[in-house]
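Each residue of the sequence shown is one higher than the one before, counting from 486 in my numbering.
Backbone N, C-alpha and C fix where the C-beta goes; we use that ideal spot for every residue, glycine too.
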Amino acid sequence: MYYGTYLHLDKIIESQYPVSFEKDNEPAHDEMLFIIIHQAYELWFKQILFELDYCMGIFQKEKINDNSEDLNLVRHRFKRIIKILELLNQQVNILDTMTPMDFLAFRNLLTPSSGFQSKQFRLIEAKLGLEIDKRHQKDYYKRTNEGGFTQPDYQHINQTEENKHLLQLVNDWLERMPFFDATYWEGVEVDNAINHPFWKQYKSIYGDGLSEREQSKQIDFDAVFFEQFAAEMTPEQKQTLTCSFSPAAMRAALFIMLYRDFPVFQTSYQILDSLIEIDHLMSNWRHKHLIMVRRMIGMRVGTGNTSGAGYLEGALNKHYVYRDLSGLSTYLIQRSKLPKLPDSLIRFLGFNL
Ligand code: HEM
486 MYYGTYLHLD KIIESQYPVS FEKDNEPAHD EMLFIIIHQA YELWFKQILF
536 ELDYCMGIFQ KEKINDNSED LNLVRHRFKR IIKILELLNQ QVNILDTMTP
586 MDFLAFRNLL TPSSGFQSKQ FRLIEAKLGL EIDKRHQKDY YKRTNEGGFT
636 QPDYQHINQT EENKHLLQLV NDWLERMPFF DATYWEGVEV DNAINHPFWK
686 QYKSIYGDGL SEREQSKQID FDAVFFEQFA AEMTPEQKQT LTCSFSPAAM
736 RAALFIMLYR DFPVFQTSYQ ILDSLIEIDH LMSNWRHKHL IMVRRMIGMR
786 VGTGNTSGAG YLEGALNKHY VYRDLSGLST YLIQRSKLPK LPDSLIRFLG
836 FNL
């Protein structure tokens with residue numbers, strides 16, 4: 486084995502072809518940086534997809550054994566994705582060493598190609614759970630004309646969108662959590678989760694901790710965790726309070742957040758926290774990219790034929806996937822006020838199973 490052969494460096498290092506260096510064009514020095522930075526991004530996108538596929542494979546299992554290495558590996562690989570995204574955020578700074586006029590020297594030669602057409606970026610978004618109907622200016626994504634995708638890329642993205650995404654898989658996993666089973670609550674059988682003794686007690690403690698201005702959050706609580714909407718709510722309010730996760734999954738997620746200090750919840754908690762972090766880092770990247778684009782091309786349209794910075798700003802505001810998880814903080818209470826759990830449940834939550 487030889488270093489260069491193992492890494493196929495002959496292909497990678499020989500894959501930069503600045504168009505401005507071609508015959509009859511004026512060579513633009515910064516086009517090399519522009520190409521290499523995009524290629525570096527795409528390599529890291531590949532690694533992110535590789536890790537995501539592994540994690541989704543675990544969540545696709547009908548039952549995940551908490552006593553196996555499965556969840557710990559998911560946690561570990563999510564952390565790796567986080568580190569990669571942190572690096573990708575930093576990488577924008579390198580491109581920022583190119584001035585707008587350096588970019589103008591070769592920009593026209595690129596039209597109509599654009600980062601918008603990064604299939605891997607779209608796959609990351611789709612696998613994380615960004616659905617087409619929730620996208621800003623969704624018509625842009627279904628283009629195979631100028632500035633859109635090639636037919637094969639378009640089909641690949643469509644196929645991926647047809648499969649369950651990570652959010653749905655995590656939702657299924659959360660729904661399977663048995664914390665509120667009658668077995669652990671001395672035979673308490675409830676027809677509806679809203680009548681469960683834990684939630685009744687929790688809601689009352691939560692309500693007591695709210696300020697006067699926050700009282701309406703109690704009504705929101707019922708909507709988010711029990712799908713019970715107050716009669717006077719407008720369709721828009723109902724829409725705002727309808728989560729991407731099911732109420733049962735939201736209840737399990739809140740429970741994990743609350744009792745995260747039980748060792749048995751650590752891994753699950755860190756998995757949920759990683760999803761929030763991944764969402765934030767994707768959003769940070771969108772923001773850094775937007776600021777860089779504004780500086781680079783001002784208010785000109787993008788080479789990929791969108792409105793440019795205007796489109797990117799809309800995507801930045803709208804393309805959060807795990808907002809409902811970060812929003813759980815709205816419904817937390819002080820640690821010292823946490824309801825004491827029944828012994829049978831504590832025993833179940835212990836490591837002495
Ligand atoms: C001079 C540097 C850059 C400029 C001026 C620029 C400009 C733009 C513009 C205007 C768009 C909107 C689509 C369009 O109409 O083209 C866009 C989208 C995009 N660009 Fe860049 N870009 C630059 C660098 C990069 C780099 C280094 C990457 C790394 C992969 C990248 C990835 C993307 C992605 C993924 C999108 C889609 C974003 C979304 O839909 O949320 N861009 N870019």
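Considering only C-alpha positions, which residue in the set the options is nearest to residue i?
| i | options | result |
| --- | --- | --- |
| L594 | F563, L534 and F519 | F519 |
| Q703 | P663, T752 and G692 | G692 |
| P748 | F833, S500 and R785 | F833 |
| L613 | L813, N648 and E499 | N648 |
| G662 | P597, I741 and T725 | Here the sequence assigns Met to residue 662, which means Gly is not the residue at that position. Nearest option by C-alpha distance: I741. |
| K568 | F530, F544, Q605 and H641 | F530 |
| E646 | M586, E616 and E536 | E616 |
| H621 | V806, N574, F588 and N557 | V806 |
| L537 | S759, P827 and H765 | S759 |
| T752 | I549, I498 and Y526 | I549 |
| Y502 | L556, T490 and D515 | D515 |
| R808 | H493, E571 and F730 | F730 |
| N557 | K627, Y754 and R698 | Y754 |
| R736 | V786, D657 and E674 | D657 |
| N442 | G632, A611 and L651 | In the structure as shown, the chain starts at 486 and stops at 838, and residue 442 therefore has no counterpart that could be examined. |
| P827 | T584, M781, R820 and V673 | V673 |
| E547 | V655, T582, Y488 and Q640 | V655 |
| H650 | G793, L775, Q545 and A800 | Q545 |
| F665 | F683, L652 and Q819 | F683 |
| R861 | K619, E660 and M517 | Only positions 486 to 838 of the chain appear in this structure, which leaves residue 861 out of reach. |
| D581 | K496, L775 and G799 | L775 |
| M586 | G799, A794, E798 and G783 | G783 |
| T629 | E671, H641 and K619 | H641 |
If you drop the 5 nearest sequence neighbours on each side, which residues of the same chain put their C-beta closer than 7 Å to that of residue i?
| i | result |
| --- | --- |
| Y687 | P824 |
| F711 | A678, I679 and P732 |
| I533 | I566, I569 and I609 |
| V559 | C540, I543 and I756 |
| Q605 | E527, F530, K531 and L534 |
| P597 | E631, G632, T788, G789 and N790 |
| S599 | G632, G787, T788 and G789 |
Hey, does residue i have any beta-carbon neighbour from chain B nearer than 8 Å?
| i | result |
| --- | --- |
| P732 | The structure shown contains no chain B, having only a single protein chain. |
If contacts are defined as beta-carbon pairs under 8 Å, then residue i and residue j qualify, I think. What distance do you get, rounded to the angstrom?
| i | j | result |
| --- | --- | --- |
| F563 | Q602 | About 27 Å; that fails the 8 Å criterion. |
| L813 | A708 | In fact, because the Cβ distance is near 14 Å, the residues do not count as touching under 8 Å. |
| Q576 | I522 | 6 Å |
| S811 | I756 | With a Cβ gap of about 14 Å, S811 and I756 do not count as contacting. |
| F588 | M781 | 5 Å |
| L801 | S829 | In fact, because the Cβ distance is near 47 Å, the residues do not count as touching under 8 Å. |
| W770 | L572 | Their Cβ separation, rounded to whole angstroms, is 11 Å, which puts W770 and L572 out of contact at 8 Å. |
Here's a check: name, in chain order, each residue in its chain whose Cβ is nearer than 8 Å to the Cβ of residue i, leaving out the five neighbours to either side.
| i | result |
| --- | --- |
| L838 | At L838, the pLDDT of 43 sits below 50, so the modelled position is not reliable and the matter cannot be decided from this model. |
| F706 | K688, Y691 and Y816 |
| A715 | I704, D707 and A708 |
| Y796 | H621, Q622, Y625 and G787 |
| Q700 | G692 |
| S505 | E511, P512, A513, E516, A590, F591 and L594 |
Starting from the C-beta of residue i, find all residues in its chain whose C-beta is less than 6 Å away, skip the five residues before and the five after it, and write them out in chain order.
| i | result |
| --- | --- |
| Y744 | F750 |
| A590 | A513 |
| K803 | H621 |
Which complete beta strand (DSSP E) runs does the region 689-758 hold, if anything under 3 residues is left out? The region 689-758 contains no whole beta strand (DSSP E) run of 3 or more residues.
To test your reading of the DSSP string, which unbroken beta strand (DSSP E) runs of 3 or more residues are found completely within the region 567-633? Fully enclosed beta strand (DSSP E) runs of 3 or longer: not present.
Runs of alpha helix (DSSP H) wholly within the region 757-810 (minimum 4 residues, chain order): For the region 757-810, whole alpha helix (DSSP H) runs of length 4 or above, ordered along the chain, are 794-803.
Runs of 4 residues minimum, wholly inside the region 497-577: which ones carry the alpha helix (DSSP H) assignment? The qualifying runs are 516-544.
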